[in-house]
Amino acid sequence: MEKSHENEHPIKAFGWAARDTSGVLSPLNFSRRHEIVGVVTEVGNKVDNFKVGEKIGVGYLVGSCRKCDNCANDLENYCPGLIMTANGTYSDGTITQGGYSDLMVVDEHFVVHWPENLPMEAAPLLCAGVTTYSPLKYFGLDKPGMHIGVVGLGGLGHMAVKFAKAFGTKVTVISTSAGKKDEAIERLGADSFLVSRDPDQMQAARGSLDGIIDTVSAVHPISPLLNLLKTNGKLVMVGAPEKPLELPVFSLLAGRKLVAGSGTGGLKEMQEMVNFAAKHNITPDVEVVPMDYVNTALERLVKSDVKYRFVLDIGNTLNKS
């Protein structure tokens, strides 16, 4: 038998993001299914880091070239040859299938240990979590006492608030909807709230933020956000609008400000993030549903009728059937 670094695990739960309904980045135009938690049932005879019965997680990618500079620096998520967990393509042409199954086989390099104190329905940490954790860490926006803005309060935004608060920063949520103020402050623990369409509020907050994590995937102006930054402030985009945004260069020059992007995270950072979440009791806000609810969940997702992620409970659904 050929020696293998792959392990097999039954899938218990996986998160479902709003962008999964759009087919974005999907050659087959279906859900990407990439926030997955399960239990190991079998390991290849070269697997050293995982054992049968252990809880594990699989995020956005299940393969990379393992040779480029990005891979050498634990940035597999930026590898030109990365293989996405669903709708990706292995070297033999096989399409990856993601989390819609009871079993999944994955190379151990692309698996993370799942802490015992984290519930399995916290699976959205594996994409929404690391997508917001990574830029806060990399761009130095994790220092206690800093003032961080979070644009948008959806699946990504609410995780950005939770991580930023856990780092000890002051957090301001920025939204077009005034109705989200109580949610941001009373439930998620943000320190303040700005309605981005209110010019008086935006003017009063001008030059007050050290950094901003922008989670919005709709086309929106970024000039008002840049005005909120202090000198040397950083605006990091983690949302992915389908059309280009206008870049107001003068706003960058007037304050040596930075606009950057960040996409998910590598495996080392993903494990670090999961461990941090477990230590600080950080979990995404989810609604757990059985597999036979999937069509209704999809309809609600299109209408943004969920706070903030659906998690499909595959393990219990299959056990009952």
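Numbering (UniProt numbering), first residue to last: 1 to 321. Glycine included, every Cβ here is placed at the ideal spot set by N, Cα and C. Quick caveat, the model's predicted, so the values are computed rather than measured.
Residue i burial status per 10 Å Cβ neighbour count (16 or more: buried)
i, result
"E269", "buried"
"V52", "exposed"
"E76", "buried"
"Q271", "buried"
"F250", "exposed"
"T215", "buried"
"P224", "buried"
"Y133", "buried"
"A160", "buried"
"C79", "buried"
"L247", "exposed"
"residue 323", "Beyond the ends of the chain as shown, which are 1 and 321, falls residue 323; an answer cannot be given."
"K180", "buried"
"E35", "buried"
"R217", "It should be pointed out that residue 217 corresponds to Ser in this sequence rather than to Arg. Buried: at least 16 other Cβ atoms inside 10 Å."
"V105", "exposed"
Rounded separation between residue i and residue j - CA only
i, j, result
"L125", "A254", "36 Å"
"T96", "R206", "46 Å"
"S31", "G88", "At S31, the pLDDT of 43 sits below 50, so the modelled position is not reliable and the matter cannot be decided from this model."
"L209", "N232", "10 Å"
"A72", "G266", "11 Å"
"G99", "D198", "42 Å"
"P157", "I148", "It is Gly, not Pro, that sits at residue 157 in the sequence shown. Cα-Cα distance, rounded: 12 Å."
"A178", "M84", "37 Å"
"K170", "D74", "30 Å"
"V288", "H113", "22 Å"
"S26", "A86", "Residue placement at S26 is flagged as unreliable, the pLDDT there being 36, under the threshold of 50; the coordinate-derived value follows with that caveat. In a straight line, the C-alpha of S26 is about 8 Å away from that of A86."
"P290", "A184", "28 Å"
"K300", "N45", "What sits at residue 300 in the sequence shown is Arg, not Lys. Distance between the alpha carbons of R300 and N45 is about 44 Å."
"V39", "G168", "33 Å"
"L245", "F110", "33 Å"
"G57", "A204", "43 Å"
"A240", "P115", "30 Å"
"I212", "T94", "39 Å"
"T21", "L298", "Bear in mind that the predicted position of T21 carries a pLDDT of just 37, short of 50, making it unreliable; the figure below should be weighed with that in mind. Straight-line Cα distance between these residues: approximately 7 Å."
"D313", "Q201", "42 Å"
"T172", "G154", "15 Å"
"A166", "D92", "43 Å"
"E242", "E54", "39 Å"
"Y138", "N70", "15 Å"
"T283", "T296", "24 Å"
"K49", "C68", "What sits at residue 49 in the sequence shown is Asn, not Lys. If I take the Cα positions, the gap works out to 23 Å."
"H220", "V238", "13 Å"
"residue 373", "K230", "Shown here, the chain extends from 1 to 321; a query on residue 373 therefore has no answer."
"S192", "D292", "40 Å"
Any non-hydrogen atom of the ligand GTP closer than 7 Å to residue i Cβ
i, result
"K46", "This structure simply doesn't include the ligand GTP, nor any ligand for that matter."
Anticipated Cβ contact below 8 Å, residue i with residue j, distance rounded
i, j, result
"G59", "D107", "The Cβ separation is near 13 Å, so there is no contact."
"V311", "V286", "5 Å"
"I222", "S196", "That belief does not hold up - the Cβ atoms of I222 and S196 are roughly 11 Å apart, past 8 Å."
"K257", "L235", "7 Å"
"L194", "L226", "No, L194 and L226 are not in contact; Cβ-Cβ is about 14 Å, not under 8 Å."
"L188", "K162", "7 Å"
"E37", "M120", "Note on residue identity: the sequence assigns Val, not Glu, to residue 37. That pair is a contact at about 5 Å."
"I150", "M273", "Reading the sequence as shown, one finds Val at residue 150 and not Ile. V150 to M273, Cβ: 17 Å. No contact."
"L82", "L61", "5 Å"
Does the pairing of the stretch 268-282 with the stretch 108-128 give three or more beta-carbon distances under 8 Å? yes
Please specify which runs of the alpha helix (DSSP H), each continuous and at least 4 residues long, are wholly inside the stretch 163-208, giving them in chain order. 199-204
Across the stretch 142-153 and the stretch 258-272, are there enough close Cβ pairs to call them in contact, namely three or more that are closer than 8 Å? These segments do not touch.
What are the start and end residues of each continuous beta strand (DSSP E) run of 3 or more residues lying completely inside the stretch 71-131, in chain order? 86-89, 95-97 and 103-107
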